[in-house]
Every structure is written in structure tokens, then in C-alpha cells.
Amino acid sequence: MVRLTVGSNVKQCLATLKNIEARLSKLSIESSDEAARQLFHEQVLVMEEIKQDVKKRVMELEREEEEYKGF
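Numbering (this note's numbering), first residue to last: 2 to 72.
The following block contains the structure:
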């Protein structure tokens, strides 16, 4: 069993958030329903905010613990 550090867990979370954001963006572009397009677009904006918060946490972890850099 592989034990992940806090830093690697947070970075995996960030990667997942980026994937979700990309999928929402694709749905926004491809949807034929205007209301759905708008909803997906709004959620992309929310995901961007969340992603920025998690990126800040990654930077904090990297400053606090050298071992978290580069994962």
C-alpha cells in the first residue's frame, strides 16, 4: 500500500479539479440548450475559484515542507 503525503494528496485533488473544470467547459461549449450552457459556464467559474484556493494551499505546503515540492 502506498501512503501519500498531504502534499501529494492536495496535488491530486488539484488535478481532479482541473479535470472537472475541463469537462464542465466542454459541456458548456457542446450543449445545445442555452440554459445548460449558462449553468455549465457558471460552474466553470466556481471551479476556477476553488482551484485557485487549492493552488494557494499547495504553495503554502511547498513553503512549509521541502518534501512537498515537485510532486
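Ideal placement from N, C-alpha and C gives every residue a C-beta, glycine not left out.
Using the Cβ count rule (16 or more neighbours within 10 Å means buried), how would you classify MET60? The count along the sequence shown starts at 1 and reaches residue 60 at position 59. Around the beta-carbon of MET60, fewer than 16 other beta-carbon atoms lie within 10 Å, marking it exposed.
Pull up the distance between the alpha-carbon of LEU15 and that of LEU28, whole angstroms please. Within the sequence shown, residue 15 is the residue found at index 14, counting from 1. Within the sequence shown, residue 28 is the residue found at index 27, counting from 1. LEU15 and LEU28 have their C-alpha atoms roughly 20 angstroms apart.
Leaving out five residues before and five after LYS56 in sequence, what residues of the same chain have Cβ atoms less than 7 angstroms from its Cβ? For the purposes of this step, residue 56 is taken as the residue at position 55 of the sequence shown. If we look at LYS56 and ignore the five residues flanking it on each side, its Cβ neighbours are LEU15.
Helix, strand or coil at THR6 according to DSSP, with G and I counted as helix: As a position in the sequence shown, residue 6 is number 5, starting the count at 1. Assignment of THR6 by DSSP, reduced to helix, strand and coil, places it in the coil class.
CB contact flag (LEU46, GLY8, <9 angstroms): One-based indexing of the sequence shown puts residue 46 at position 45. One-based indexing of the sequence shown puts residue 8 at position 7. No; because the gap between Cβ atoms is not below 9 angstroms, this pair is not in contact.
With the cut-off set at 9 angstroms, would you say GLU49 and GLU31 are in Cβ contact? Counting from 1 along the sequence shown, the entry for residue 49 is found at position 48. Counting from 1 along the sequence shown, the entry for residue 31 is found at position 30. At a Cβ-Cβ threshold of 9 angstroms, GLU49 and GLU31 do not count as neighbours.
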